[in-house]
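To keep things clear, I will list the structure first and then write my remarks on it.
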Amino acid sequence: MSRQYLALVLPGFIIFTIGLIIPLFMAVRYSFTSWDGMSPEKVFVGFQNYVELMKDSDFRDAWWFTLKFTIGNTIIQNVVALLFAIALDSGIKAQKIYRTILFVPCLISALVVGFVWLKMFSNVLPALNDFLGTNINFLLFGEKKTVLSGLLIANNWQWIGYWMLIYLAGLQSVPSDLYEAAKVDGAGAVKRFFNVTIPMLAPAITICVVGITTGSLKVYDLLVSSTKGGPGRASTSMIYQTYTTAINGRQYGYGCAMSVTLVIVLLLVALVQVKGLKSKEVQA
Amino acid sequence: MKKKKEKLEAEVQQYTKGSVIVQIIMTIAAALFIAPIFIIFNYSFKGKRELYLNNPLSLPEKLNFDNYIAAYKKLDLATTFTNTFIYTAISVLILAILCGTTAWAIARCRRKFFKFCYIYFIVGILIPYQALFLPIYMIGYRMHMTNTRFGIIFMYVATGISFGVFLMNSFMSTVPLELEEAARIDGCSVFRTYFSVVLPLLKPAMATLVIMQAFQIWNDYLLASLYVSKKQLKTLTVAIQSLFSAQSSDYTTAMAAIVISVLPIAILFLSLQKYFIKGMTVGAVKG
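The listed protein sequences derive, respectively, from chains A and B.
Count the first sequence with the numbering used here and you get residues 181 to 464, in order.
Count the second sequence with the numbering used here and you get residues 838 to 1124, in order.
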């Protein structure tokens, strides 16, 4: 019987291994070579690529941008998504319409989202300025200082509704007698929120925090159509930097070393988050 | 602001004043969220002249479909739309079959190997394929899978399977074991049990899976741009990106292209929404 189960698992197992696990090992292996992607021999260079990464200021800048983008997203998206979910769960009218409107942006490709916000910031909103006679600076993608906030607006617009849906699902599964009991015990609204809602939402919080973090660390598509990593190099993410180095610069070995650092960070962050958040989860 | 809002929302049942304020806040939020979508639609019908002369929020002077016709030609829509549709439909179909069977086997068989499999697949959620795009491109190149329909579908399945298995696995506890045991006693094989007893109970889960995977594959840019460079194999998103760079000043055509590209997924979502919400609920609660 377990042989039949095995037959059900194996196809997926093999496809997954070829498509993702073997590439993972390839990245590690090639990161120790100076391969250019074309020549037949791959010269082993030891840790040289990693040593060079330490000195590479472009690499550091790319990490710095990616981290700022990730932290900004994790905080804003979680807080706003949770607030929206609570608002929709509070029994307001036409809940379903709000839910659909807020969710729809995430069905759009990140590439398209980037372009739409590029046009919003550079054409639509300034035109609105002229029309209303106001003078607000909307050219967020044009300056190094503001490009991060512009991208955060675009990314949050796209994803808040998605995470809100998960929080909403979590909220709707909290048994209402828990609130009643807390009320009888004299807990105020704030106290009920922190002592009942948040602990009961812990599984949803784990999913959202880990999902938003990994989702932000991999940002690429959004940049291709909006800022192209600019102005200057102010919005070059890790993957964008890897792409330019490896595909355009023909430094595959060096690019693989970059990928490996990203994979290590992804795994570390997920491990820390899951451990930290799981310990706070309670069973209903 | 944040605290104040929470307080308001929690007190809603006692004070109708609070609920009115929440309703107003959410209406404003929804209006801001839908504004860019309105702009896309609005601009997709505007003429070039209207871009510079009118208020951006004003409706187009007349409903003209010129932008759509231009987008159809420039995107080579007959080819790119068909390609994207084929890649998405086949990948999602394979994923729906594979993820269901894999997750079920992992949930029901208690051997060590299956426990290991669960963790093995989770790795794919923690490491999104984008982080490994370079070796993924290299392995595809070496196995002669680049510039083939088979290659890109294979990779979409490989990169989507972790999430699917994770999602389906969280649904397996909703399938009553008694039913499966009854089927087994009646002499059903493992395969029969899955396809005739378990699968019909997984409808909401499947709807969630189909939507999640479909919009990710349909919208994917990085993998499609790496794997297919041949003109007759190109996807819609890749064609849209070239249109964006070519048409950055006359972006009314680009806006029409966006509407065309989003429509199929929007229709899919709206038609499966009921199941999808149900599916998300179970998935989120079980974690």
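Beta carbons: idealized from backbone N, C-alpha and C, even for Gly.
* For the region 880 to 923 of chain B, which segments carrying the alpha helix (DSSP H) assignment without a break, of at least 4 residues, lie completely within its bounds, in sequence order? -> 885 to 890 and 903 to 911
* **Residue nearest to residue 951/B in terms of C-alpha spacing, selected from 408/A, 431/A and 184/A** => 184/A
* Could you tell me whether the Cβ atoms of residue 245/A and residue 416/A are closer together than 8 Å? => yes
* Asked: Of the residues that make up the region 863 to 892 of chain B, which ones have a beta carbon closer than 9 Å to any beta carbon in chain A?
  -> 863, 864, 866, 867, 868, 869, 870, 871, 872, 873, 874, 876, 877, 880, 888, 889, 891 and 892
* Asked: Given that a residue counts as buried once 16 or more other Cβ atoms are within 10 Å of its Cβ, and exposed if not, what is residue 944/B?
  -> buried
* Reduced DSSP secondary structure (H/G/I, E/B, other) of residue 318/A -> coil
* Tell me the DSSP bridge mates of residue 213/A? -> 224/A
* Residue range of the alpha helix (DSSP H) that residue 347/A falls in? -> 327 to 352
* Asked: Less than 8 Å separating the beta-carbons of residue 289/A and residue 1056/B?
  -> yes
* Any chance the region 426 to 436 of chain A sits against the region 217 to 236 of chain A, with 3 or more Cβ pairs inside 8 Å? -> yes
* Closer than 8 Å, CB to CB, is residue 1025/B near chain A or not? -> no
* Taking only the alpha-carbon atoms, compute the straight-line gap between residue 882/B and residue 307/A and give it to the nearest angstrom. => 18 Å
* Compute the distance between the beta-carbons of residue 271/A and residue 856/B, then report whether it is under 8 Å. => yes
* Asked: Taking the alpha helix (DSSP H) that residue 323/A falls in, what are its first and last residues?
  -> Here residue 323/A belongs to no alpha helix (DSSP H), and DSSP marks it neither H nor E.
* Asked: Apart from the five residues on each side of it in sequence, which residues of its chain come closer than 7 Å, Cβ to Cβ, to residue 286/A?
  -> 338, 339, 341 and 342
* Contact residues within the region 364 to 385 of chain A, judged by C-beta distance below 8 Å to chain B -> 369, 370, 372, 373, 383 and 384
* Asked: Which one of 203/A, 443/A, 454/A and 231/A has the shortest CA to CA distance from residue 977/B?
  -> 203/A
* Asked: Are the C-beta atoms of residue 405/A and some chain B residue less than 8 Å apart?
  -> yes
* Apply the 10 Å Cβ neighbour rule to residue 401/A and answer buried if 16 or more other Cβ atoms are within range, or exposed otherwise. => buried
* Asked: What did DSSP end up calling residue 939/B once you bin it into helix, strand or coil?
  -> helix
* Answer yes or no: does any C-beta atom of chain B fall closer than 8 Å to that of residue 207/A? => yes
* Asked: Taking residue 210/A as the reference, which of 227/A, 192/A, 459/A and 384/A has the closest Cα?
  -> 227/A
* Counting only the same chain and skipping the five closest in sequence on each side, list residues whose C-beta sits under 6 Å from that of residue 1038/B. => 1012
* To do: Report, in whole angstroms, the separation of the C-beta atoms of residue 384/A and residue 346/A, which I expect to be a contact under 8 Å.
  => 5 Å
* Evaluate contact between the region 979 to 997 of chain B and the region 925 to 938 of chain B, counting only Cβ atoms and requiring at least three cross-stretch pairs below 8 Å. => yes
* **CB contact check: residue 200/A to chain D, cutoff 8 Å** => Of the protein chains in this structure, namely A and B, none is chain D.
* To do: Please decide whether residue 1088/B counts as near chain A, where near means a Cβ-Cβ distance under 8 Å.
  => yes
* Helix, strand or coil: how does DSSP classify residue 947/B here? -> coil
* **Three-way DSSP call (helix, strand, coil) for residue 1176/B in this model** => The question about residue 1176/B has no answer here: the residues shown for chain B are numbered 838 through 1124.
* To do: Identify the continuous alpha helix (DSSP H) that holds residue 384/A and give its terminal residues.
  => 378 to 397
* Asked: How is residue 450/A classed by DSSP in three states: helix, strand or coil?
  -> helix
* To do: Quick one: which residues of the region 1038 to 1066 of chain B get their C-beta closer than 7 Å to a C-beta of chain A? List them in chain order.
  => 1052, 1056, 1058 and 1059
* To do: Put residue 1007/B into one of helix, strand or coil per three-state DSSP.
  => helix
* So is residue 453/A in contact with chain B if we call contact Cβ pairs under 8 Å? -> no
* Asked: Given that a residue counts as buried once 16 or more other Cβ atoms are within 10 Å of its Cβ, and exposed if not, what is residue 317/A?
  -> exposed
* Asked: Within the chosen definition, does the region 1064 to 1078 of chain B reach the region 910 to 917 of chain B through at least 3 CB pairs nearer than 8 Å?
  -> yes
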